[in-house]
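Structure first, then comments.
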Amino acid sequence: MADQNVLKYSIYQCSSHSASFVPENVLTDNPNDGTSRWSSESNNPPQFLTLKLHNPAVIQTISFGKYEKSHVCNMKKFKVYGGLSDDSMIELLDGGLKNNNLTESFTLKHTAGGNMFACRFIKIVPIQSWGPSFNFSIWHVQLRGIDDWNIVKSCVSWFSYYREKETIRLCLKHFRQHNYSEAFESLQKKTRVQLEDALLSKLHQCLVVEGDYIAAEHLLVKAANDGCLDQYLEQQTHKARWVPLIPPPKSSDNEDHRPGMRGGHQMCIDVHTENIYLFGGWDGTTDLSDLWCYHIPSGSWTCLSRDTTAQGGPTPRSCHKMCLDPERKKIFTIGRYLDSGMRVPKHMRSDFYVYDIDSNQWTLITDDTAAMGGPSLVFDHQICMDVEKNTIYVFGGRILTSVNTIPGEENICSEPCFSGLYSYHVPTNTWTKLRDDYPKPDLHDLEIKSRIGHSMLFHEEKAFTLHFCWAKIKGVFE
């Protein structure tokens, strides 16, 4: 594969522009200048900006630079078209920009029929801006792709052949739809272009020409069994179907045989024994410290402890996290949320507990992980475990800080503080800080930012953590 290069272009045409916001402004990336942008004179469609490359090229990516702050005129939705001429283009991208200051890059469609094709013109069509009824603005555009003429030349020739072939196929489709059988057969014989896969032709013959619905059903069943529909099925959106798990009734009429309603609780599963463990949470009035086990095959709950504190375990809590070691039958829990009235130094230690499933016993590993080089007291973080290496990973979460009660004394954090990434090696009882949070995302836009409300799991085969769906105060990221 040839190397990607930055592709040079000029402004070919635009639908309109307002004041000094001329389209040539997109040629330079100047995020600190609020006037360095193209801005349409209206938000009424169609609005567009057409770029012309100095030479035809295989355009693989398009990048949009932005202003140093979020802006109401940024494109929330847009489309990109491309082609060798300005009057014959195909859609290359249907996308949207986030309303922030970070440059975004998108992969453009640059293959058809298994081969790369070249473009000379790029047309950007804004559809919706972030601010209602505001004009569209584009601050900077960069195109990257293959401009080696030895490669591009063959792509241009092939695309011309591809367009001719597609035109013939459209004619064949038109002839068949209108039952011009002689014209259809003559054109297909002369050009040797097949309209479609042989299976689809058989289906058309059975369903449209002969009206044989039973034969059509047999064809579809055979196609499914042969895997012809697999690619289509893989592209479909999965829809979850939730089923309520109602435990079987007990002899007693009370509800003590299952946990009550709550939020901010934690659950973990032992896939070997098919048991789900639930601990803590908040019932709307107070934090809880009960421990339950749900047996999946029987659909029954068992209360392992009404109050783990009485067994030497953790105090009532919510917004904590748990992970389970299925080999050694251990459950680890760390973190909790404290109301502002409870945020005094004596309550601010980050305790760390382990529960032995076989012996039904809790052990306090440490009453302050921060003193051992681990995380401070956090909530809404995430935890996962590398079972093979017996190592726990803790990432993100908001750090709880003491409420300022002394006049003139400054708080530790004037802004919300977020925890970094830590590892805990169980056999040696040692914590290691792997990375800090980066408070200024614009300086470290390629680094993973700390976060809250995310999910995390450990990939056992590739030995790394995966993060999903996370948010951070004053910004939402995907």
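Last residue of the sequence shown: number 478 in the UniProt record's numbering, and the count goes up by one each step with no gaps. Glycine is no exception: its CB is placed at the ideal position from the N, C-alpha and C atoms. Nothing here was measured: the structure is a model prediction, and the numbers come from that model.
Residue i, DSSP secondary structure in three states
i           : result
residue 99  : coil
residue 459 : strand
residue 290 : strand
residue 344 : coil
residue 209 : helix
residue 229 : coil
residue 182 : helix
residue 222 : helix
residue 337 : coil
residue 117 : coil
residue 139 : coil
residue 196 : coil
residue 57  : strand
residue 112 : strand
residue 5   : strand
residue 243 : coil
residue 171 : helix
residue 22  : coil
residue 37  : coil
Buried or exposed by the 16-neighbour rule on C-beta atoms within 10 Å, applied to residue i
i           : result
residue 312 : exposed
residue 321 : buried
residue 241 : exposed
residue 62  : buried
residue 411 : Note that residue 411 has pLDDT 46, beneath the 50 cutoff, so the model's placement of it is unreliable and the number below is only indicative. Residue 411 comes out exposed.
residue 373 : exposed
residue 139 : buried
residue 301 : buried
residue 232 : exposed
residue 308 : buried
residue 59  : buried
residue 351 : buried
residue 176 : buried
residue 428 : exposed
Alpha-carbon spacing of residue i relative to residue j, whole angstroms
i           : j           : result
residue 182 : residue 27  : 54 Å
residue 431 : residue 419 : 14 Å
residue 449 : residue 416 : 14 Å
residue 460 : residue 165 : 48 Å
residue 341 : residue 44  : 54 Å
residue 46  : residue 391 : 57 Å
residue 42  : residue 49  : 13 Å
residue 36  : residue 146 : 28 Å
residue 152 : residue 208 : 43 Å
residue 443 : residue 70  : Caution is warranted here: a pLDDT of 40 is assigned to residue 443, below 50, making its placement in the model unreliable, and the coordinate value is therefore given only provisionally. When rounded, the distance between both Cα atoms is 16 Å.
residue 481 : residue 329 : Because the chain is modelled from 1 through 478, residue 481 falls outside the range shown and cannot be assessed.
residue 219 : residue 82  : 38 Å
residue 369 : residue 349 : 8 Å
residue 294 : residue 278 : 8 Å
residue 275 : residue 134 : 55 Å
residue 346 : residue 336 : 14 Å
residue 338 : residue 354 : 21 Å
residue 316 : residue 381 : 18 Å
residue 18  : residue 68  : 21 Å
residue 371 : residue 377 : 11 Å
DSSP beta-bridge partners of residue i
i           : result
residue 130 : DSSP lists no partner for residue 130.
residue 104 : 64
residue 282 : 263 and 287
residue 398 : 379 and 418
residue 428 : None; residue 428 has no bridge partner.
residue 277 : 268 and 293
residue 305 : 291
residue 352 : 334 and 366
residue 70  : Paired residues: none, contrary to the question.
residue 493 : Given that the chain is displayed from residue 1 to residue 478, the structure contains no residue 493 and the question cannot be resolved.
Nearest candidate by alpha-carbon position, reference residue i, set the options
i           : options             : result
residue 65  : 42, 84, 31 and 75   : 31
residue 124 : 96, 272 and 130     : 96
residue 121 : 150, 220 and 51     : 51
residue 490 : 337, 384 and 345    : There is simply no residue 490 to check, as the chain begins at 1 and stops at 478 in what is shown.
residue 76  : 60, 94 and 89       : 94
residue 57  : 135, 454 and 143    : 143
residue 222 : 234, 84, 79 and 202 : 202
Near the ligand FAD: residue i beta-carbon under 7 Å from a heavy atom
i           : result
residue 209 : Although the ligand FAD was asked about, the structure shown includes no ligands whatsoever.
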